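First up is the structure itself, then whatever we jot down about it.
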Amino acid sequence: MIIIITGKIDAGKTTRLLSLYDHLKTGDGFALKKIITNGIHIGQEIYHLSTGQQKIFSLKKNYLPPLWDEIYNFGDFSFSAAGFDFSHKILLKALSSGVKPIYIDEIGPLELLGKGFSDALKLVVKNQTDLYLTVRDYCLTEVIKEFNINRYVVIEVR
């Protein structure tokens, strides 16, 4: 079964995902936590749920350090190759070990372009693994169709 947590930007999708993980005390995956500097949202870190390890995932373009390892850019953000590599390793390990459920935060416009977590999500859906997934509200219908998601429940966060 796939549980889709949806809502607007900053509605609390990640908080709900983390709450469900803490409540269920099982499974593995990742959440994207905001990086706030001097009260300004400058990027995100990937947070591995079972280990607490974190890696920088994205930064706003005007906050990029020297030798930044960009794999994609979208809007104001640049995305780290090392961050995506970290996320893929988390998901591959969870799939190969049979851990359930898997948690993925967040699917949005980047994935609908075939980038970001697109390949990882396809793999998890193909394996028919129990999944908790956050999706931006304005992408929900497209994500369900694009990734051939069947048997799902939607939890709306406001």
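First residue of the sequence shown: 12, per my numbering; consecutive thereafter.
Each residue gets a CB set at the ideal place from its N, CA and C atoms; glycine is no exception.
Bear in mind that the values here come from a model prediction, so they are computed numbers and not experimental data.
Reference F95; option with closest CA among K111, I115, S107 and L106
Check the Cα spacing between F95 and each of K111, I115, S107 and L106: the tightest is with I115.
Given a threshold of 16 other Cβ atoms within 10 Å of its Cβ, counted over all protein chains shown, does I51 qualify as buried or as exposed?
I51 is exposed by the Cβ-count criterion.
Backbone secondary structure at I160 - three-state DSSP:
In the structure shown, the three-state DSSP call for I160 is coil.
Integer Cβ distance of L144 from I13, believed to fall under 8 Å
About 6 Å; that satisfies the 8 Å criterion.
Test item: CB-CB of I15 and V146 under 9 Å:
Going by C-beta atoms, I15 is nearer than 9 Å to V146.
What are the start and end residues of the beta strand (DSSP E) that includes V146?
Counting along the chain, the beta strand (DSSP E) containing V146 begins and ends at L142 to R147.
Under three-state DSSP, which class holds L60?
The answer is coil: DSSP assigns L60 none of H, G, I, E or B.
Residue interval of the beta strand (DSSP E) (run including Y114):
Per DSSP, Y114 belongs to the beta strand (DSSP E) from I113 to I118.
Consult DSSP for T25 and reduce its assignment to one of helix, strand or coil.
DSSP places T25 within a helical segment (H, G or I) once states are collapsed to three.
Straight-line gap, D21 to K45 (C-alpha atoms, nearest Å):
The C-alpha of D21 lies about 10 Å from the C-alpha of K45.
Just how far apart, CA to CA, sit R27 and L121?
So the two alpha carbons sit approximately 22 Å from each other.
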